[in-house]
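Taken in sequence, the protein lines are chains E and Z. Counted from 1, the first sequence has number 135 at position 62 by our numbering; the numbering is strictly sequential. Counted from 1, the second sequence has number 21 at position 19 by our numbering; the numbering is strictly sequential. A virtual CB, placed ideally from N, CA and C, is assigned to each residue, including glycine. Source: prediction; values computed, not measured. Here's the structure, in structure tokens; my notes come after.
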Amino acid sequence: DTEVTQTPKHLVMGMTNKKSLKCEQHMGHRAMYWYKQKAKKPPELMFVYSYEKLSINESVPSRFSPECPNSSLLNLHLHALQPEDSALYLCASSQQGAGGYTFGSGTRLTVV
Amino acid sequence: EDQVTQSPEALRLQEGESSSLNCSYTVSGLRGLFWYRQDPGKGPEFLFTLYSAGEEKEKERLKATLTKKESFLHITAPKPEDSATYLCAVQSLLEYGNKLVFGAGTILRVKS
Numbered sequence: 074d075t076e077v078t079q080t081p082k083h084l085v086m087g088m089t090n091k092k093s094l095k096c097e098q099h100m101g102h103r104a105m106y107w108y109k110q111k112a113k114k115p116p117e118l119m120f121v122y123s124y125e126k127l128s129i130n131e132s133v134p135s136r137f138s139p140e141c142p143n144s145s146l147l148n149l150h151l152h153a154l155q156p157e158d159s160a161l162y163l164c165a166s167s168q169q170g171a172g173g174y175t176f177g178s179g180t181r182l183t184v185v
Numbered sequence: 003e004d005q006v007t008q009s010p011e012a013l014r015l016q017e018g019e020s021s022s023l024n025c026s027y028t029v030s031g032l033r034g035l036f037w038y039r040q041d042p043g044k045g046p047e048f049l050f051t052l053y054s055a056g057e058e059k060e061k062e063r064l065k066a067t068l069t070k071k072e073s074f075l076h077i078t079a080p081k082p083e084d085s086a087t088y089l090c091a092v093q094s095l096l097e098y099g100n101k102l103v104f105g106a107g108t109i110l111r112v113k114s
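Pasting the structure below:
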């Protein structure tokens, strides 16, 4: 299995809702990432998990809360988002320390 | 601060008209330079990784090269299905993990 699977593919949520994005990989990668991509912009790093521990938080607002329950799963919990948080959220994984990143197809999030 | 600059921002080619995309970078402790292809609304698709100056890699109509300051993605006799956004990224090793920093991308349109 050489894929990163993200669910859901599309999500519309209100500013008072709580929702979660899910990401799963079975390649044995020990580093997992959340990226945010606005339209016509490159992906921007949000969080890095290394061996299931949060190693990098790129000053992301607390309304985004990451979680890594085990080496194959990565979640992003969303609460009280703003319309400007609407974007494509990408999950990726890689071998620790080296090698290419494998990206999922993303979750298109719309905050209304 | 790590920085990646891609040029041109957009490129229109006729089918069969070869050209090159440029990626210049500044990074402390380069761990690798990556090329990705991204179709609208999808996650980036891995193309190549280059690790040292002088290295070259090929895949079908694409060839990537690397110097100490820049990388080129050469497209030979492109077809309409090569139309996509091509992203260049550098990987830098941090104290608590590694990080992939993307350039803004080149939007390629190939007309038949």
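Residue 103 of chain Z: first and last residue of the uninterrupted beta strand (DSSP E) it sits in:
Segment 99-104, the beta strand (DSSP E) holding residue 103 of chain Z.
When DSSP labels each residue in this structure, what does residue 157 of chain E get in the three-state scheme?
Helix, per DSSP.
What does DSSP give as the partner residue(s) for residue 122 of chain E in the beta ladder?
DSSP lists E:105 and E:127 as partners of residue 122 of chain E.
In whole angstroms, give me the CA-to-CA distance for residue 76 of chain Z and residue 53 of chain Z.
So the two alpha carbons sit approximately 17 Å from each other.
Contacting residues, own chain, Cβ-Cβ under 7 Å from residue 97 of chain E (five flanking each side not counted):
So the list reads 78, 145 and 146, once near-sequence residues are dropped.
Check each residue of the stretch 162-177 of chain E: if its Cβ is closer than 9 Å to any Cβ of chain Z, include it; give the result in chain order.
Hits within the stretch, in order: 163, 164, 165, 167, 169, 170, 171, 172, 173, 174, 175, 176 and 177.
Is residue 74 of chain Z close to chain E, meaning its C-beta is less than 7 Å from at least one C-beta of that chain?
False, the Cβ-Cβ gap to chain E never drops below 7 Å.
Using a beta-carbon distance below 7 Å, is residue 123 of chain E in contact with chain Z?
For residue 123 of chain E, the answer is yes, since a Cβ of chain Z falls inside 7 Å of its Cβ.
Here's the rule I'm using: 16 or more other beta-carbon atoms within 10 Å means buried, otherwise exposed. How should residue 173 of chain E be labelled?
In this structure residue 173 of chain E is buried. Its beta-carbon is surrounded by 16 or more other beta-carbon atoms within 10 angstroms.
Counting only beta-carbon separations shorter than 7 Å, does residue 139 of chain E have a partner in chain Z?
Residue-level contact check: residue 139 of chain E does not touch chain Z, since none of the beta carbons of chain Z fall below 7 Å from its beta carbon.
Roughly how many angstroms lie between the CA atoms of residue 138 of chain E and residue 114 of chain Z, to the nearest whole one?
Between residue 138 of chain E and residue 114 of chain Z, the C-alpha separation is close to 46 Å.
Measuring straight from C-alpha to C-alpha, what distance separates residue 87 of chain Z and residue 113 of chain E?
CA-CA distance, residue 87 of chain Z to residue 113 of chain E, rounds to 9 Å.
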